[in-house]
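All remarks here apply to the structure that follows.
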Amino acid sequence: MTAEIDKCTLPVIAIDGPSGSGKGTLSSLLAQRLGWNLLDSGALYRIVALMAARAGLIFNQDSTMEEALAIAKLTASLSIRFLGQKVFVNSLEVTDEIRREDVSIGASIVATFSPVRKEILGLQRAMQDSPGLIADGRDMGTVVFPNAELKVFLDASAKARADRRYKQLKNKGLDVKLPDLLASIKERDERDRGRSESPLIPADDAVVIDSTGLTVEQVLEQVCLEGKSRGLF
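Residue numbering for the sequence shown follows this note's numbering, beginning at 8 and increasing consecutively.
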């Protein structure tokens, strides 16, 4: 019991925001600077979407509860490991595959399934460990870690986020079109912000940062100043 209480008192910085806002890069840099653990919750949903597609499971915006439960059952069976920047599922590396745009769209869909969210919630909370945790996602401060010492909601205009995503994918040699990415981001925003369970909204006590005209270094410094003012480091 004592160990569990100690674990629950370990510091958490929750960083939420829409796709392309820069929260993944910010979270990674912050974890490196502080030497804390990193939870990329988006990767968990991407993994589920990828593995569900590989298993031939059907999922879309009109999926039945039976289909959602089948994906939740698959989620419970997955062995997931994060080793540095690499991601392994059932001993297979999927680091690049889970970053594909079709997987990103699929992740947004399976994230609306209550049974899947329940399975992933346990995985997320189990990652709270010493010396602290940087939790990157869409409901880290509102649902997963509501008692986080610092909550940040990182936003940016849809156009800025589409531009960033376009450059990322082009640098990886992928064939993408900016108008398609912008449309996809707007569609995902509507789905994420409008879902009935764990919608994408800032926590009441979150620090909201618009990164549209900021560099990641400027955002990082803002978050570090907030953390220092709260005595987190």
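Where is the CB? At the ideal position from N, CA and C, for every residue including glycine.
To the nearest angstrom, report how far apart residue i and residue j are at their CA atoms.
{"i": "residue 70", "j": "residue 121", "result": "12 Å"}
{"i": "residue 42", "j": "residue 138", "result": "8 Å"}
{"i": "residue 146", "j": "residue 181", "result": "29 Å"}
{"i": "residue 98", "j": "residue 226", "result": "35 Å"}
{"i": "residue 153", "j": "residue 209", "result": "11 Å"}
{"i": "residue 108", "j": "residue 237", "result": "37 Å"}
{"i": "residue 103", "j": "residue 111", "result": "12 Å"}
{"i": "residue 84", "j": "residue 91", "result": "23 Å"}
{"i": "residue 27", "j": "residue 89", "result": "21 Å"}
{"i": "residue 206", "j": "residue 200", "result": "5 Å"}
{"i": "residue 49", "j": "residue 143", "result": "7 Å"}
{"i": "residue 59", "j": "residue 130", "result": "18 Å"}
{"i": "residue 100", "j": "residue 53", "result": "13 Å"}
{"i": "residue 128", "j": "residue 204", "result": "13 Å"}
{"i": "residue 68", "j": "residue 190", "result": "17 Å"}
{"i": "residue 177", "j": "residue 170", "result": "11 Å"}
{"i": "residue 16", "j": "residue 234", "result": "16 Å"}
{"i": "residue 82", "j": "residue 55", "result": "6 Å"}
{"i": "residue 79", "j": "residue 123", "result": "4 Å"}
{"i": "residue 63", "j": "residue 231", "result": "44 Å"}
{"i": "residue 39", "j": "residue 96", "result": "24 Å"}
{"i": "residue 212", "j": "residue 106", "result": "31 Å"}
{"i": "residue 202", "j": "residue 34", "result": "25 Å"}
{"i": "residue 118", "j": "residue 194", "result": "14 Å"}
{"i": "residue 175", "j": "residue 136", "result": "31 Å"}
Starting from residue i, trace the alpha helix (DSSP H) in both directions and tell me its first and last residue.
{"i": "residue 188", "result": "185–201"}
{"i": "residue 112", "result": "108–117"}
{"i": "residue 230", "result": "223–236"}
Given that a residue counts as buried once 16 or more other Cβ atoms are within 10 Å of its Cβ, and exposed if not, what is residue i?
{"i": "residue 72", "result": "exposed"}
{"i": "residue 168", "result": "buried"}
{"i": "residue 192", "result": "buried"}
{"i": "residue 126", "result": "buried"}
{"i": "residue 22", "result": "buried"}
{"i": "residue 61", "result": "exposed"}
{"i": "residue 93", "result": "exposed"}
{"i": "residue 113", "result": "buried"}
{"i": "residue 29", "result": "buried"}
{"i": "residue 86", "result": "exposed"}
If I measure Cβ to Cβ from residue i and keep anything under 8 Å in the same chain, skipping five residues before and after, which residues do I get?
{"i": "residue 36", "result": "223 and 227"}
{"i": "residue 173", "result": "183, 185 and 188"}
{"i": "residue 239", "result": "18, 20, 139, 156 and 157"}
{"i": "residue 116", "result": "56, 66, 67, 68, 70 and 198"}
{"i": "residue 6", "result": "Since the first and last residues shown for the chain are 8 and 240, residue 6 lies out of range."}
{"i": "residue 51", "result": "87, 127, 130 and 131"}
On the DSSP letters alone, give me the boundaries of the beta strand (DSSP E) that residue i sits inside.
{"i": "residue 96", "result": "93–96"}
{"i": "residue 242", "result": "Residue 242 is absent from the structure shown; the chain starts at 8 and stops at 240."}
{"i": "residue 47", "result": "44–47"}
{"i": "residue 143", "result": "140–144"}
So, for residue i: in the same chain, excluding its five sequence neighbours on each side, which residues have a beta-carbon less than 7 Å away from its beta-carbon?
{"i": "residue 132", "result": "151"}
{"i": "residue 196", "result": "25 and 165"}
{"i": "residue 77", "result": "64"}
{"i": "residue 134", "result": "44, 46 and 140"}
{"i": "residue 229", "result": "216"}
What does a CB cutoff of less than 6 Å around residue i pick up in its chain, not counting 5 residues either side in sequence?
{"i": "residue 75", "result": "120 and 122"}
{"i": "residue 149", "result": "210"}
{"i": "residue 221", "result": "none"}
So does residue i have its beta carbon nearer than 6 Å to some heavy atom of the ligand PLP?
{"i": "residue 174", "result": "Annotation note on the ligand PLP: not contained in the displayed structure, which lists no ligands."}
| query | Does the region 209–217 come close enough to the region 149–167 that 3 or more CB-CB pairs lie under 8 Å? | reply | yes
| said: For the region 181–198 against the region 38–52, do three or more pairs of beta-carbon atoms, one drawn from each stretch, fall closer than 8 Å, so that the two count as touching? | reply: no
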